[in-house]
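Single-structure report; data block below.
There are 2 protein chains.
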Amino acid sequence: MRIGELSKRTGVAVPTIKYYLREGMVPPGERTSPNQARYDEGHVHRLRLVRALIEVGRLPVAKVREVLGAVDTPAGNVDKLLGTVQKAVLPAMPENAEPEIQTAAEQEVTAMTTALGWCTPDDHPATSALAATLVTAQALGHTGFLDLVRRYALIAEQIGVADLDYIADHPGIDGMLEKVVVGTVLGDTALLALRRLAQAAESTKRYPDETGG
Amino acid sequence: MRIGELSKRTGVAVPTIKYYLREGMVPPGERTSPNQARYDEGHVHRLRLVRALIEVGRLPVAKVREVLGAVDTPAGNVDKLLGTVQKAVLPAMPENAEPEIQTAAEQEVTAMTTALGWCTPDDHPATSALAATLVTAQALGHTGFLDLVRRYALIAEQIGVADLDYIADHPGIDGMLEKVVVGTVLGDTALLALRRLAQAAESTKRYPDETGG
Numbered sequence: 410m411r412i413g414e415l416s417k418r419t420g421v422a423v424p425t426i427k428y429y430l431r432e433g434m435v436p437p438g439e440r441t442s443p444n445q446a447r448y449d450e451g452h453v454h455r456l457r458l459v460r461a462l463i464e465v466g467r468l469p470v471a472k473v474r475e476v477l478g479a480v481d482t483p484a485g486n487v488d489k490l491l492g493t494v495q496k497a498v499l500p501a502m503p504e505n506a507e508p509e510i511q512t513a514a515e516q517e518v519t520a521m522t523t524a525l526g527w528c529t530p531d532d533h534p535a536t537s538a539l540a541a542t543l544v545t546a547q548a549l550g551h552t553g554f555l556d557l558v559r560r561y562a563l564i565a566e567q568i569g570v571a572d573l574d575y576i577a578d579h580p581g582i583d584g585m586l587e588k589v590v591v592g593t594v595l596g597d598t599a600l601l602a603l604r605r606l607a608q609a610a611e612s613t614k615r616y617p618d619e620t621g622g
Numbered sequence: 410m411r412i413g414e415l416s417k418r419t420g421v422a423v424p425t426i427k428y429y430l431r432e433g434m435v436p437p438g439e440r441t442s443p444n445q446a447r448y449d450e451g452h453v454h455r456l457r458l459v460r461a462l463i464e465v466g467r468l469p470v471a472k473v474r475e476v477l478g479a480v481d482t483p484a485g486n487v488d489k490l491l492g493t494v495q496k497a498v499l500p501a502m503p504e505n506a507e508p509e510i511q512t513a514a515e516q517e518v519t520a521m522t523t524a525l526g527w528c529t530p531d532d533h534p535a536t537s538a539l540a541a542t543l544v545t546a547q548a549l550g551h552t553g554f555l556d557l558v559r560r561y562a563l564i565a566e567q568i569g570v571a572d573l574d575y576i577a578d579h580p581g582i583d584g585m586l587e588k589v590v591v592g593t594v595l596g597d598t599a600l601l602a603l604r605r606l607a608q609a610a611e612s613t614k615r616y617p618d619e620t621g622g
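Protein chains in written order, with the numbering used here: chain A, 410 to 622; chain B, 410 to 622.
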């Protein structure tokens, strides 16, 4: 198909497609003349993946390129790709903590994950992000937040198992690599959406009078 | 304390504090002269809360104002405040789905939550967000994602219970309202960070050879 049809099929504007092509985020089409190229279903799929990363994952273009680079590297293994994707798609993180307070909170996180038997790299960026939430909660006097995080950790173990089951159930290494990307990005959104629905359901159950139920 | 000390205590620049005061996000200090006001610990606390919503929750100023308005309304009940905060702090959501496909996916989500016995409003924005992830996964041919979401739903029930326990354990309605805000915003970040650590731990367990472990 020509670039116009590719645009129609994916809902991505032609100038945007041309930009992705220039940036190497979408592989070039097959040249049919100096000014024309032909595209196939692989291009449709890749464009959808790029849009999912940008719209659902809210990744900046540089991060999308990084993640796709990992997907396109056939030698990549699951554990390494997971690390690359995790670093690209990190949760928001407060940055104004004093270094000593932040370091103490990171040690608290490491002590917690070690007690759970989790084998994770010491410098994992998620450790800093989690520690920063503890620092912020502490500064607001919400001391109970640490206990909530401890309960979350036990729940997160189940999420990790579900995620790795999802990734492992694949038709080949290419499919597996893409699933890491899609599962991380779409999974974050799905999980937070389900958290809100579950909260609403639990809240209605506990406070039926207030909602007229 | 004067505004200069308030700035020092919270790490928020004086012009930014003045902006929050003008916008009504921080209550005015006690006037001591036409050009000076005195601030107290309540202002320190409120500024930290504003920064947490902006830095951790990545909320735009208009949303922060909306959430704080709900916190400052003494008549607000838990269920209503939860709804306001949830709407302000929604997960990212793709928007390019065709209306019929999106509607079908929303019906699928509602069928799932109904089967779980969750009582949630039909028009909850999290339903659309979750449906949009299903549409995106489907467009990418990742049909297994629906099964992952079903597993997530069972896990999310436990998150909802933990969250409502956290909110209920409070010294008064003011504390409870603030906990909804802090718990939602910091909780999202904590949960996604723990998801990554749990994934890394599970990945290392399953693929030890690849990481040299």
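Quick reminder that beta carbons are idealized off the backbone N, C-alpha and C, glycines included.
Please list, in chain order, the chain B residues whose beta carbon lies closer than 7 Å to that of ASP572/A. Here residue 572/A refers to the residue found at position 163 when the first sequence is read from its first residue. Here the neighbours are GLN608.
According to DSSP, is GLU515/B helix, strand or coil? For the purposes of this step, residue 515/B is identified with residue 106 of the second sequence, where counting begins at 1. In this structure, GLU515/B counts as helix in the three-state DSSP scheme.
For LYS489/B, which of helix, strand or coil comes out of DSSP? Against the second sequence, residue 489/B aligns to sequence position 80. Helix at LYS489/B.
Rounded C-beta distance between GLY553/B and ASP578/A? I'm assuming under 8 Å. Locating residue 553/B in the second sequence gives position 144, counting from the first residue. Locating residue 578/A in the first sequence gives position 169, counting from the first residue. Yes, they are in contact, since the Cβ atoms of GLY553/B and ASP578/A sit about 6 Å apart, within 8 Å.
Who are the neighbours of TYR575/A on chain B, taking C-beta pairs under 7 Å? The sequence position of residue 575/A within the first sequence is 166, counting from 1. Ordered by position in chain B, the residues that pass the 7 Å Cβ test against TYR575/A are GLY553, LEU557.
Host alpha helix (DSSP H) of ARG455/A (start-end): Translated into positions along the first sequence, residue 455/A becomes position 46. 450-464 is the span of the alpha helix (DSSP H), which, as asked, contains ARG455/A.
Hey, does LYS628/A have any beta-carbon neighbour from chain B nearer than 8 Å? Nothing can be reported for residue 628/A, as the shown portion of chain A is limited to 410 through 622.
Quick one: does VAL544/A have its CB under 8 Å from some CB of chain B? As a working note, residue 544/A is residue 135 in the first sequence. Taking Cβ atoms only, chain B never reaches closer than 8 Å to VAL544/A, which makes this a no.
Nearest candidate by alpha-carbon position, reference LEU462/A, set GLU515/A, ALA609/A, GLY596/A: Locating residue 462/A in the first sequence gives position 53, where the first residue counts as 1. LEU462/A has its Cα closest to that of GLY596/A, out of GLU515/A, ALA609/A, GLY596/A.
Considering only residues of the same chain and omitting the five flanking positions on each side of LEU555/B, which have a CB-CB separation below 7 Å? One-based indexing of the second sequence puts residue 555/B at position 146. Counting only Cβ-Cβ distances below 7 Å, and skipping sequence neighbours, we find LEU543.
Listed by chain order, chain B residues near ASP531/A by CB distance under 9 Å: The sequence position of residue 531/A within the first sequence is 122, counting from 1. Going along chain B, no residue has its Cβ under 9 Å from ASP531/A, so there is no contact; the nearest lies around 11 Å.
Residue burial classification, GLN608/A (beta-carbon count within 10 angstroms, cutoff 16): Indexing the first sequence from 1 puts residue 608/A at position 199. Per the 10 Å Cβ criterion, buried.
Among the candidates HIS551/A, LEU477/A, LEU563/A, whose CA atom is the shortest distance from the CA of HIS454/A? The residue you call residue 454/A lines up with position 45 of the first sequence. The shortest C-alpha separation from HIS454/A is found at LEU477/A.
I want to verify the contact list: residues of chain A whose CB lies under 8 Å from the CB of THR536/B, in sequence order. Numbered from its first residue, the second sequence carries residue 536/B at position 127. Per Cβ cutoff of 8 Å: ALA602, LEU606.
When you compare the CB of VAL480/B with every CB in chain A, is at least one pair closer than 8 Å? On the second sequence, position 71 is the one that residue 480/B refers to. No - not a single Cβ of chain A is within 8 Å of the one on VAL480/B.
Does the beta-carbon of LYS427/A have 16 or more other beta-carbons within 10 angstroms, so that it is buried, or is it exposed? Start at 1 with the first residue of the first sequence, and residue 427/A comes out as number 18. Exposed is the call here.
Do you know offhand how far ALA565/B's Cα is from THR512/B's? The residue labelled residue 565/B in the question sits at position 156 within the second sequence. The residue labelled residue 512/B in the question sits at position 103 within the second sequence. Distance between the alpha carbons of ALA565/B and THR512/B is about 23 Å.
Might you give, ordered along the chain, the residues of its own chain that have their beta carbon closer than 7 Å to the beta carbon of VAL423/B, omitting 5 neighbours on each side? Along the second sequence, read from residue 1 onward, the residue named residue 423/B stands at position 14. Cβ neighbours of VAL423/B beyond the five flanking positions: ILE412, GLY413, SER416.
According to the neighbour-count rule (16 or more other Cβ atoms, all chains shown, within 10 Å of its Cβ), is THR482/A buried or exposed? Residue mapping note: residue 482/A aligns to position 73 of the first sequence, counting from 1. Under this definition THR482/A is an exposed residue.
Local conformation of ARG467/A per DSSP, three classes: Position 58 of the first sequence, counted from the start, is the residue given in the question as residue 467/A. Three-state result, ARG467/A: coil.
For the beta strand (DSSP E) containing GLU432/A, list its first residue and its last residue. By one-based count along the first sequence, residue 432/A stands at place 23. Where GLU432/A is concerned, there is no enclosing beta strand (DSSP E), given that its DSSP letter is neither H nor E.
Please report how far the alpha carbon of THR536/A lies from the alpha carbon of ASN444/A, in whole angstroms. Start at 1 with the first residue of the first sequence, and residue 536/A comes out as number 127. Start at 1 with the first residue of the first sequence, and residue 444/A comes out as number 35. Each residue's Cα considered, the two are about 50 Å apart.
Excluding the 5 residues preceding and the 5 following GLY621/B in the sequence, name in chain order all residues of the same chain whose CB lies nearer than 8 Å to its CB. The residue given as residue 621/B occupies position 212 in the second sequence. Note that GLY621/B scores a pLDDT of 43, beneath 50, so its modelled location is shaky and nothing firm can be said.
Once you ignore the five residues that flank VAL498/B on each side, which residues in its own chain have a CB closer than 8 Å to its CB? In the second sequence, the residue the question calls residue 498/B occupies position 89. These residues qualify, in order along the chain: GLY466, LEU468, LYS472, VAL476, THR593, VAL594, ASP597.
Minimum length 4: unbroken alpha helix (DSSP H) runs contained in the stretch 509-559 of chain B: 534-548
Classify ALA524/B: buried if its beta carbon has 16 or more other beta carbons within 10 angstroms, exposed otherwise. Looking up residue 524/B in the second sequence gives position 115. Exposed, by the Cβ-count rule.
Residue range of the unbroken beta strand (DSSP E) whose run includes ARG447/A: What you label residue 447/A is simply residue 38 of the first sequence in a count that begins at 1. Per DSSP, ARG447/A belongs to the beta strand (DSSP E) from 445-447.
Quick check on the DSSP output: the beta strand (DSSP E) that includes ARG440/B runs from which residue to which? Here residue 440/B refers to the residue found at position 31 of the second sequence. Counting along the chain, the beta strand (DSSP E) containing ARG440/B begins and ends at 439-442.
Option nearest VAL518/B by Cα separation, candidates GLU509/B, VAL494/B, ALA562/B: Along the second sequence, read from residue 1 onward, the residue named residue 518/B stands at position 109. The shortest Cα separation from VAL518/B among GLU509/B, VAL494/B, ALA562/B belongs to ALA562/B.
DSSP three-state call for GLU507/A: helix, strand or coil? Within the first sequence, residue 507/A is the residue found at index 98, counting from 1. Residue state, collapsed to three classes: coil.
With distances taken Cα to Cα, identify the nearest neighbour of ARG560/B among ARG560/A, GLN567/A, MET521/A, ARG559/A. Against the second sequence, residue 560/B aligns to sequence position 151. Closest by alpha carbon: GLN567/A.
Is there at least one Cβ from chain B nearer than 8 Å to THR598/A's Cβ? Along the first sequence, one-based indexing puts residue 598/A at 189. Chain B contact via Cβ: present.
C-beta atoms of LEU623/B and ARG615/A nearer than 8 Å: No statement about residue 623/B is possible, as the shown extent of chain B runs from 410 to 622 and does not include it.
Terminal residues of the continuous alpha helix (DSSP H) containing ARG418/A? Walking along the first sequence from the start, residue 418/A turns up at place 9. Where ARG418/A is concerned, the enclosing alpha helix (DSSP H) stretches over 412-419.
Which residues in chain B have a C-beta closer than 8 Å to the C-beta of THR522/A? List them in chain order. As a position in the first sequence, residue 522/A is number 113, starting the count at 1. What THR522/A touches in chain B: LEU606, ALA610.
Contact check, VAL589/A vs LEU430/A under 8 Å by CB: the rounded distance? Here residue 589/A is taken as the residue at index 180 of the first sequence, counted from 1. Here residue 430/A is taken as the residue at index 21 of the first sequence, counted from 1. 24 Å between Cβ atoms; not a contact.
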